[in-house]
Amino acid sequence: MSSLFLIYKSGAGSGKTYTLTREFLKLALQYDSPWAYKQILAVTFTKKAANEMKTRILEWLLEFANETDISSNQKAKDILETVDCSAEILQRRSALMHEHILHHYSDFSVQTIDSFVHRIIKSFSRDLKLSADFEVEMDVEKVVTEVVSGQLRDMGEDQELSDTLQNFLEFQLEEEKSTRLKTELVDFFRRNSDEKANESLEKLSAKSFDDFKKVRKEISALAKKLRTEIKDKQSALQSSAAPVIDDVTSHLKNWILNSSLDKFINYGKTPLTCIEKENIFPGKKLESSAEHQTVNALILTELDGLLPLLDTYLVVSKLVKNCYLLALIQDYKQRFELYKEENNTVLISDFTAIIQSVVKDNPAPFIYERLGERYRYYLIDEFQDTSLTQWQNFLPLITHTLAKGNMAMIVGDSKQAIYRWRNGDFKLFAELPEMDSEPDDYITKEAEAQLKLASRTEQLDTNYRSSSEVVKFNNQFFTGFETALSETGKAMYAGVSQTPAINKEDGYVEFQLFGTRKDDNELFLDRILEIIKEAEQRNFDLGDIAILARKNKKLAEIASFLSHSGVKTSSQEGLLLKHNLKVRLVMGLLHAVAYPLDDSNNTQLFTLLETWNGKEADLLLHSSDLEKYTTEEKRTHLRIRIWNYLEKLMGKADSVSWKSASAYDALLGIVAYLKLDSEPDDYIETLLDFSFHAARRGQNSVKEFLEFWKDHDKLSLSTAEDKNSVKLMTVHKSKGLEFPVVIYAEPFSQGRPGQIWYDLEGLETPIEQTIHSDGGFFKQKHQGQSARFDLVKASAEHEVSEKFLDGLNILYVALTRASQNLFILGLSATDKLKDPTIAVFQNVFQHDLKTEVFKTGILTEKREYDEANDVDVEIVPSSLKSYDWKNRLAFRFSNKELDTEGSTVTERTLGIQMHNVLAEFKWIENWSEFKKDLEEKILDEDILNGLAELSQTAEWKNWFTSPVNIWNEKHLLDSDGNEFIPDRVMEFENEVIVADYKAGAPNAKHPEQVKNYISLLSNLFDKPVIGKLVYVKEGKMIEVN
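Numbering (our numbering), first residue to last: 17 to 1057.
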């Protein structure tokens, strides 16, 4: 098999998007058909990346189409290397394909992986047993909070639930831990809502409150028993050490004699160090006497037996708290599923699991059979962020297309894998085409063999983004981490060195450390300001400068400082809708419409209105005018003035009617009355779009929307391009972007501690028979000391290794965003100087950052480039216009003829009802459920009896179980444009049946109607078409010839 499976391992700025665009067009333009692009599916992980790729493809096609001498175009030359046609034919194909894509944009399959999976689930919702009109919920925390709130509301009604929560609360009080019950529960379940924790939660969800009550009882008894044993061993240790206790190393002595058993149990490094050195004495004391040597050997032996006991107790004591939380899993899971069912919701995080439920253990899943025939080529971008489940879901498509001799391509950079917390598994890409699998997983092993046979790996090692000095610095720096990396890490960073592009031979890098005192922080901030001012002097715009950090807290501090220093900044926080004056004003007025007695909102709104329109003195007066009133009088006057303002602004009728209007209509009205639609405004437009989205989710009324708004306080604009403001963003937000000047602030800050599911199989206690008998796990936040537990050592060490790679990858992303100047500024305490980043840097560059700032390269002017071919034409609407649909829309009733002339209104209504209900069913698997559904939705007894009679016939059952395809109430047009709507068309293997349902009595016109259907369908099918009239009340089917 030739190399059909291409793996491109890229680096930062190595032309990944160029490669994807080139390969996409090589595949699309090899055909003469302008719609060949429809055979290609390209997926990536962000909307931004998908839009960028779409834009790049269209730009190339347009460039080829308009090129005066296409044979000299380098991009065209790249494509013509594999596309067997002349340059002129390529130009013609490009022009036709560009036009075809614009006219059929929905067939242009460049999308995010979530969008792709969503489309699959929507298309096969019936097969996957989902409602066809389900809503996608992006906010997992919102759902978790709703479910937990339901648990707390039911305290007092559900006794077992109440007891568990009460016991957990008491435990938290005893341990002097947080008693904010809702916060604790939401945090626990949110952190365990990911793909990695799901398997463990599923196993534990089989256990009831009673099961965990028994577990807690056994754990408590075990903890008590262990505590007694530890106390006895401490006494024995003290007795053994007594003869020479004053000579024992001071730390060990203090530990042995500690009167607090808890402090004794939570031992530090001292006992471990003594065991490692085989010496409990300082200096040469061990050699001073035979007694010292005897006691030394005795104590070391006792420590060998004691420390595992302490470790076991520490694990067991942690289990006490977890048992309360784990006991809630079954109840939580049940409520969680009920919430999704009642709200017709599918979480975006469920997508991969839903598909996997079908794909698992099946080499050719039915949902891919039809899809796989549509696409011949697959391109997957940002593969390093793929989760194991996502990759397993894609494997059938990849192997299917390779088996047919078509190409698949994967592009990624393991060094930029910074989404492990979102289930990304960078090892997948680092190890491709090899894949981890269980010994009996023959499907994966077969796929792996196929990938190996077809694969070719290429390294994209030229950096087109950064100047040579920046590339050189990063090459040296990240190569220096090799000895500190695990085998996986070494594979990831094997190709870290890049070759800079020839035409970028300038650049500058600076690395400076500051202390952690207050005046050091001021120097740190002053240096940032100084860098910005110096960059402006070298002709850089403020928009050319980006300040990166791992945490928003540090960015907020920097933004505040720069703002007070007169430097305009742009950050995600600044783009939040809730901070925009116009949005706050509009939402304040909307809130006043729904809740006119809300004094808090009235006070804020009063201030906003003063800021917005100080000329309203005759109506609102000023805040100083209210000072003469008492607090209660002030509230009353404020309510009256706000309501008067609403009536004046909107008119009395509108201000009252808006209470019952939809939120979208009310917002449109407020925007119009305030004349905020006189010019375009991104914030107002986003607010209106959001309210429209909320209405589709069922949050339609003003009050419902206000609640929905509270849950989405992070709603923001996309980052806008602004040449006059410094960009502030987290490293995660900066991924894929580049800036001429980058300042990376505080590079040593750590992310949140990881979490590990610990398998307790090795713990020889009753817990093994209770929790672990069905595959239970122990969940605990990872702490540095956990690595000393033999029980959990492997898991803990693995997490430490993964965490180190997370930090290194974030550092790599941050330091590769700069095209010209890179500044690394860190706040360092003494312990930070031991950070691996500092150690590697000082070892590689032989430079002491404590005493001197590191500088390399030359600070140059802003690099200019030819903008002749890079002119954006911005189309800006003159105003934000909307119209009241009630004044522009009229309704009419359906004119579809259902029955004979002379039918009464009641007969027509029952006929419409019957047709609507039957149109809902294509296939029927459960006839008793079908009957139950009919009885709930159809009111006429005669129709129900007739349908019951029909359901007993083999022919009727065959209609709902055997067809290859079914179309209910599909519109047909004849050559004269006349419209026909048969009730049901069924394609079988050897024939097509068209059926029409009748609720009334037989009529001579009915057969003619069916004959028209037969005539039209005969032109569409090569099979015989048979007509059927179904007189439902009579329970009869009549064939029409």
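Every residue gets a Cβ at the ideal spot worked out from N, C-alpha and C, and that includes glycine. Keep in mind that this is a model prediction, so the values were computed, not measured.
Exposed or buried, which one is residue i when buried takes at least 16 other CB atoms within 10 Å?
| i | result |
| --- | --- |
| A633 | Low per-residue confidence applies at A633: pLDDT is 39, beneath 50, and the placement is therefore not dependable, though the value from the model is reported in the following sentence. Classification for A633: exposed. |
| F1037 | exposed |
| G604 | buried |
| I656 | exposed |
| V869 | exposed |
| Q514 | buried |
| D888 | Note that D888 scores a pLDDT of 48, beneath 50, so its modelled location is shaky and nothing firm can be said. |
| D535 | exposed |
| R142 | exposed |
| R472 | exposed |
| A669 | Interpretation of A669 is limited by its pLDDT of 47, a score under 50 that renders its predicted location unreliable; the figure taken from the coordinates is listed afterwards. So A669 ends up on the exposed side. |
| K866 | exposed |
| D327 | buried |
| K1049 | buried |
| S587 | buried |
| I874 | exposed |
| N885 | Its pLDDT being 44, under 50, N885 is placed unreliably by the model, and the measurement read from it follows with that caveat. Burial call: exposed. |
Please report how far the alpha carbon of residue i lies from the alpha carbon of residue j, in whole angstroms.
| i | j | result |
| --- | --- | --- |
| H119 | V133 | 24 Å |
| L625 | L601 | 7 Å |
| K819 | S502 | 12 Å |
| D130 | A66 | 12 Å |
| F530 | N837 | 20 Å |
| P1040 | P1023 | 17 Å |
| H814 | Y509 | 18 Å |
| V757 | S579 | 19 Å |
| R438 | S209 | 10 Å |
| K293 | A424 | 56 Å |
| A562 | I759 | 6 Å |
| K1044 | D123 | 37 Å |
| L268 | A257 | 10 Å |
| L571 | S482 | 24 Å |
| I246 | Q254 | 12 Å |
| F187 | L325 | 23 Å |
| F205 | F184 | 15 Å |
| L323 | C290 | 12 Å |
Please look up how many angstroms separate the CB atoms of residue i and residue j, rounded, as I've assumed it's under 8 Å.
| i | j | result |
| --- | --- | --- |
| K878 | N555 | 4 Å |
| A58 | L342 | Contact doesn't hold; Cβ gap of about 42 Å is too wide. |
| V156 | S365 | 6 Å |
| A237 | S333 | 13 Å between Cβ atoms; not a contact. |
| L41 | W76 | 6 Å |
| E462 | E450 | No, E462 and E450 are not in contact; Cβ-Cβ is about 14 Å, not under 8 Å. |
| Y699 | K598 | 6 Å |
| V99 | Q46 | 5 Å |
| A1080 | A575 | Outside the displayed range of the chain (17 to 1057) lies residue 1080, so it cannot be described from this structure. |
What are the residues that DSSP puts in a beta bridge with residue i?
| i | result |
| --- | --- |
| R1000 | N984, A1011 |
| K743 | A562, S586 |
| E995 | L989 |
| E1055 | K1044 |
| P516 | N479 |
| R472 | L22 |
| F976 | Looking at the DSSP assignment, F976 forms no beta bridge with any residue, so it has no partner. |
| I291 | Partner(s): none; I291 has no beta bridge. |
| A834 | F755 |
| I73 | I73 pairs with nothing; no bridge assigned. |
| V59 | Q127, I396 |
Please confirm whether residue i and residue j have their CB atoms less than 8 Å apart.
| i | j | result |
| --- | --- | --- |
| V860 | G511 | no |
| I117 | Y53 | yes |
| L593 | A608 | no |
| V1046 | E1005 | no |
| S707 | F721 | yes |
| N491 | A28 | no |
| E303 | V260 | no |
| L744 | S26 | no |
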